[in-house]
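Written below as structure tokens is the structure these notes are about.
Number of protein chains: 2
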Amino acid sequence: MVARSNRVTIHDVAKAAGVSVSTVSKALNDTGRMASETRERIKSIAADVGFRPNALARSLLFNRSFTVGLLTNDTYGRFTLPVMSGISEALVDHGVSVFLCAIEDDPALAKVHVDAMLDKQVDGIIATGKRIDRSLPVDLAGLPVPVVYAFTEGVPGSVVLTADDSDGARLAVERLRKVGRKRIVHVTGPDSFVSAVERADAFRQAVGPDALVVHGAWTEAWGHEAVAMLWGGDKPTPDGIFCGNDQIARGVVDALRERGVRVPEDVSIIGFDNWEIFADQTRPALTTVDMNLKELGRTAGLTILDLAEGRTVEPGLRKLPCKLVIRQSCGGNREI
Amino acid sequence: MVARSNRVTIHDVAKAAGVSVSTVSKALNDTGRMASETRERIKSIAADVGFRPNALARSLLFNRSFTVGLLTNDTYGRFTLPVMSGISEALVDHGVSVFLCAIEDDPALAKVHVDAMLDKQVDGIIATGKRIDRSLPVDLAGLPVPVVYAFTEGVPGSVVLTADDSDGARLAVERLRKVGRKRIVHVTGPDSFVSAVERADAFRQAVGPDALVVHGAWTEAWGHEAVAMLWGGDKPTPDGIFCGNDQIARGVVDALRERGVRVPEDVSIIGFDNWEIFADQTRPALTTVDMNLKELGRTAGLTILDLAEGRTVEPGLRKLPCKLVIRQSCGGNREI
DNA sequence: TCAACGTGAGAAAACGTTTTCTCATCATTT
DNA sequence: AAATGATGAGAAAACGTTTTCTCACGTTGA
Numbered sequence: 011m012v013a014r015s016n017r018v019t020i021h022d023v024a025k026a027a028g029v030s031v032s033t034v035s036k037a038l039n040d041t042g043r044m045a046s047e048t049r050e051r052i053k054s055i056a057a058d059v060g061f062r063p064n065a066l067a068r069s070l071l072f073n074r075s076f077t078v079g080l081l082t083n084d085t086y087g088r089f090t091l092p093v094m095s096g097i098s099e100a101l102v103d104h105g106v107s108v109f110l111c112a113i114e115d116d117p118a119l120a121k122v123h124v125d126a127m128l129d130k131q132v133d134g135i136i137a138t139g140k141r142i143d144r145s146l147p148v149d150l151a152g153l154p155v156p157v158v159y160a161f162t163e164g165v166p167g168s169v170v171l172t173a174d175d176s177d178g179a180r181l182a183v184e185r186l187r188k189v190g191r192k193r194i195v196h197v198t199g200p201d202s203f204v205s206a207v208e209r210a211d212a213f214r215q216a217v218g219p220d221a222l223v224v225h226g227a228w229t230e231a232w233g234h235e236a237v238a239m240l241w242g243g244d245k246p247t248p249d250g251i252f253c254g255n256d257q258i259a260r261g262v263v264d265a266l267r268e269r270g271v272r273v274p275e276d277v278s279i280i281g282f283d284n285w286e287i288f289a290d291q292t293r294p295a296l297t298t299v300d301m302n303l304k305e306l307g308r309t310a311g312l313t314i315l316d317l318a319e320g321r322t323v324e325p326g327l328r329k330l331p332c333k334l335v336i337r338q339s340c341g342g343n344r345e346i
Numbered sequence: 011m012v013a014r015s016n017r018v019t020i021h022d023v024a025k026a027a028g029v030s031v032s033t034v035s036k037a038l039n040d041t042g043r044m045a046s047e048t049r050e051r052i053k054s055i056a057a058d059v060g061f062r063p064n065a066l067a068r069s070l071l072f073n074r075s076f077t078v079g080l081l082t083n084d085t086y087g088r089f090t091l092p093v094m095s096g097i098s099e100a101l102v103d104h105g106v107s108v109f110l111c112a113i114e115d116d117p118a119l120a121k122v123h124v125d126a127m128l129d130k131q132v133d134g135i136i137a138t139g140k141r142i143d144r145s146l147p148v149d150l151a152g153l154p155v156p157v158v159y160a161f162t163e164g165v166p167g168s169v170v171l172t173a174d175d176s177d178g179a180r181l182a183v184e185r186l187r188k189v190g191r192k193r194i195v196h197v198t199g200p201d202s203f204v205s206a207v208e209r210a211d212a213f214r215q216a217v218g219p220d221a222l223v224v225h226g227a228w229t230e231a232w233g234h235e236a237v238a239m240l241w242g243g244d245k246p247t248p249d250g251i252f253c254g255n256d257q258i259a260r261g262v263v264d265a266l267r268e269r270g271v272r273v274p275e276d277v278s279i280i281g282f283d284n285w286e287i288f289a290d291q292t293r294p295a296l297t298t299v300d301m302n303l304k305e306l307g308r309t310a311g312l313t314i315l316d317l318a319e320g321r322t323v324e325p326g327l328r329k330l331p332c333k334l335v336i337r338q339s340c341g342g343n344r345e346i
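Written out as structure tokens, the structure is:
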């Protein structure tokens with residue numbers, strides 16, 4: 011009926027040891043009663059013949075597959091990859107493997123993937139995306155397995171993990187203050203992004219009533235434009251700029267250089283994302299806010315594990331702290 | 011013994027239909043003999059109660075898990091993500107899910123992941139990396155399942171997939187010729203990379219005996235330096251530059267702009283990778299060679315499927331063609 | 001000396017499928 | 001009317017584990 015495999019099973023071990031499969035099972039799992047001599051002998055034989063229990067069989071028995079699904083619509087991977095890596099890292103220690111499902115905003119594809127995962131009896135599903143105010147194109151409510159949302163919008167009553175944008179903004183302002191900056195502005199992305207708004211609000215709160223925030227695109231080009239605007243009028247120019255992402259920051263730094271404004275001597279710049287390809291290669295290298303995405307992934311992994319194993323988890327939006335990565339664009343050093 | 015699940019099984023369907031499980035199985039799989047009326051009735055009942063067969067049970071029976079493992083050490087994801095996405099896309103159509111394993115150059119971690127995958131009875135493993143002349147920190151030879159290498163070094167006799175670097179270089183040179191360029195140079199990465207060497211060789215072959223290739227780092231900074239070098243001497247300056255990646259190209263374009271050299275009017279630039287974040291945002295946007303990584307992933311997926319299903323696949327290194335993505339930095343348009 | 005008990009190990013059931021056999025039942029043919 | 005054949009459906013085994021139950025044997029205590 012079936013393709014016979016060449017893998018060694020518990021029956022092979024039993025035969026080799028001259029005992030029954032139940033005895034082998036108990037020997038290897040340190041359960042049941044038996045002469046410790048027998049136990050050791052069986053263990054040694056099992057090791058010799060290279061026996062590894064078939065996880066499928068155990069899953070069937072335990073109704074637990076030690077498998078979770080990771081749904082993502084971020085093929086580009088800027089955010090998702092570190093998150094994935096954190097998830098994978100946290101779960102591998104618990105013997106849990108991760109199904110990767112790239113769904114590219116295609117509802118039909120998403121459904122196919124979700125169905126496939128459910129058929130394979132995943133213990134839970136982690137949904138990840140590119141922004142916290144957009145949801146994946148598939149309804150994950152009412153599934154027979156727990157769901158955790160990371161960096162994407164969840165349904166009401168679900169567990170949602172994201173980076174604390176306000177915290178990131180506060181870290182940036184605090185740093186700019188610490189290196190002595192007084193006229194601080196915030197150049198960021200479109201106000202249609204919740205993240206941009208949250209950061210802007212926290213920025214205003216930290217800087218004070220006359221705080222200036224300018225919204226544009228998440229691009230280098232907007233960084234250039236913003237500098238042209240800020241330096242073009244007759245108002246006093248800023249001495250500190252907190253940028254909404256590293257691309258904007260790069261645009262700002264380049265534009266300032268072209269104007270002969272020195273970074274960080276004349277103006278301090280702080281970016282957001284710690285996207286190394288930008289942060290490291292910008293001259294001077296960017297001091298920037300890191301969202302700890304890998305840690306976020308790790309937390310997501312452990313959370314889905316909690317849920318899968320029946321522990322209760324407080325639902326709602328959970329914001330994880332950011333950290334500041336100090337390079338050259340802001341001045342000061344790691345101590346100051 | 012076990013946590014009872016609330017999932018509906020074939021037994022529930024059988025009970026609901028008042029028949030045996032074997033009859034249900036045969037009805038749903040369109041096998042066996044039975045009154046077509048019974049068959050339809052069972053199908054309809056199965057749909058009503060929302061029955062979905064437990065893939066674990068089938069896997070156990072068929073010795074086929076419809077699951078493959080994806081091993082990667084490219085957490086950064088520049089290359090791996092499109093490859094992954096292609097793999098996932100190709101396999102989902104065949105009901106095969108993909109285990110993602112991020113191993114970050116850690117041999118111990120890699121072993122843990124490989125063991126976990128084998129225990130879970132994957133039908134095959136795809137190994138991916140960042141460069142074709144480095145192997146993953148784990149030995150995948152002699153595994154009880156087939157292995158395909160994509161964009162990473164394989165063991166002798168294995169199936170290895172990669173982009174055709176020579177083809178990419180030829181495409182670039184051909185394009186530069188087509189827009190009328192005569193003095194073409196190649197600014198690329200370190201000659202310790204096989205890819206850099208392959209492209210350089212193909213470049214020399216296409217351009218002719220006096221072709222100039224300069225090796226440096228894979229960075230913007232090197233692009234700047236290279237321009238300084240090329241424009242600093244008293245030799246005639248190039249009118250076409252083929253860059254080893256998009257970061258170098260971006261450095262070159264920026265450096266030329268600073269010098270007042272116009273791109274593409276005075277000099278045509280072509281990059282490599284089609285990394286949109288660079289290619290699109292450079293001014294002018296980069297014409298660049300795309301390695302078709304997603305297609306490469308798709309091929310890898312179908313190949314591992316072939317092997318898993320017992321079809322034979324020619325071993326050895328298989329190079330997939332590149333394509334040229336036309337933007338502004340080279341001049342001409344899509345037609346010319 | 002016999003009952004009670006502890007110890008070591010195996011038989012069997014269970015997890016959810018699929019498939020091969022077997023067996024009634026009924027219709028057709030001789 | 002009896003033998004044959006076709007049809008529909010169920011019983012059971014199998015996949016590889018784990019766990020519960022049962023049982024034989026040997027030791028201890030009265």
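Protein chains in written order, with the numbering used here: chain A, 11 to 346; chain B, 11 to 346. Ideal placement from N, C-alpha and C gives every residue a C-beta, glycine not left out. This one's a predicted model, so the numbers in the text were calculated from it and none came from an experiment.
Here A:Val262 really is in contact with A:Val197; their C-beta atoms are around 6 angstroms apart, less than 8 angstroms. Burial is judged here by how many other beta carbons sit within 10 angstroms of a residue's own beta carbon; B:Asp149 has fewer than 16 and is exposed. With the rule of 3 Cβ pairs closer than 8 angstroms, the stretch 174 to 188 of chain A does not count as touching the stretch 144 to 163 of chain A. For A:Glu230, the neighbours in chain B by C-beta distance under 8 angstroms run, in chain order, Gln291.
Looking at the DSSP output, A:Tyr159 bridges to A:Ala137, A:Val170. The criterion of a C-beta distance shorter than 8 angstroms is satisfied by B:Ala182 and B:Ile280. In the three-state reduction of the DSSP assignment, A:Phe213 falls in the helix class, which pools H, G and I. B:Phe61 has a beta carbon lying at 8 angstroms or more from every beta carbon in chain A. Residue contact with chain B for A:Asn343: absent (no Cβ-Cβ distance below 8 angstroms to any residue of chain B). Per DSSP, the beta bridge partners of A:Phe109 are A:Gly79, B:Phe109. Interface annotation, A:Gln215: not in contact with chain B, CB-CB separation never under 8 angstroms. Nearest in C-alpha terms to A:Gly190, of all of A:Pro248, A:Arg214, A:Gly164, is A:Pro248. At a beta-carbon threshold of 7 angstroms, the residues of chain B lying near A:Arg17 are Pro154, ordered along the chain.
Distance between B:Val132 and B:Ala318, taken at the CA atoms: about 9 angstroms. Burial is judged here by how many other beta carbons sit within 10 angstroms of a residue's own beta carbon; B:Gly42 has fewer than 16 and is exposed.
In the DSSP annotation of this structure, B:Ile287 is not part of any beta strand (DSSP E); the continuous alpha helix (DSSP H) holding it starts and ends at 286 to 289. Taking a 10 Å sphere around the C-beta of A:Asn39, we find fewer than 16 other C-beta atoms and assign the residue as exposed. A:Lys333 sits in a strand when the DSSP states are folded into three classes. Of the candidates B:Gln338, B:Ala236, B:Thr229, B:Ala236 places its Cα closest to the Cα of B:Leu222. A:Ser32 is outside the set of residues whose beta carbon lies under 8 angstroms from a beta carbon in chain B. For the set B:Gly164, B:Leu119, B:Ala160, B:His225, the Cα lying nearest the Cα of B:Val207 is the one of B:His225. Distance between B:Glu50 and B:Thr322, taken at the CA atoms: about 39 angstroms. The C-beta of A:Phe109 comes closer than 8 angstroms to at least one C-beta of chain B.
In the structure shown, the three-state DSSP call for A:Asp125 is helix. Taking A:Asp103 as reference, the option from B:Asp211, B:Ala289, B:Ala120 with the minimal CA-CA separation is B:Ala120. The beta carbon of A:Ser35 does not come within 8 angstroms of any beta carbon belonging to chain B, so the residue lies off that interface.
Between A:Asp115 and B:Lys245, the alpha-carbon positions lie close to 52 angstroms from each other. B:Val299 and B:Gln257 have their C-alpha atoms roughly 13 angstroms apart. Within the model, the alpha-carbon separation for B:Cys340 versus A:Thr297 is close to 34 angstroms. Within its own chain, the residues whose Cβ lies closer than 7 angstroms to the Cβ of A:Phe282, once the five positions on either side in sequence are excluded, are Gly178, Cys253, Gly254, Asn255, Asp256, Thr298, Val299, listed in chain order. Taking the Cα of B:Leu171 as reference, the smallest distance to any Cα among B:Lys333, B:Arg328, B:Cys332 is reached at B:Arg328. Of the other Cβ atoms in all chains shown, 16 or more fall within 10 Å of the Cβ of A:Phe109; this residue is therefore buried. In the three-state reduction of the DSSP assignment, A:His225 falls in the strand class. Counting along the chain, no alpha helix (DSSP H) covers A:Ser278; the unbroken beta strand (DSSP E) around it starts and ends at 278 to 282.
Per DSSP, A:Ile142 is not a residue of any alpha helix (DSSP H), being assigned neither H nor E.
Taking a Cβ-Cβ threshold of 9 angstroms, none of the residues of chain B is close to A:Ser202; the smallest such distance is about 20 angstroms.
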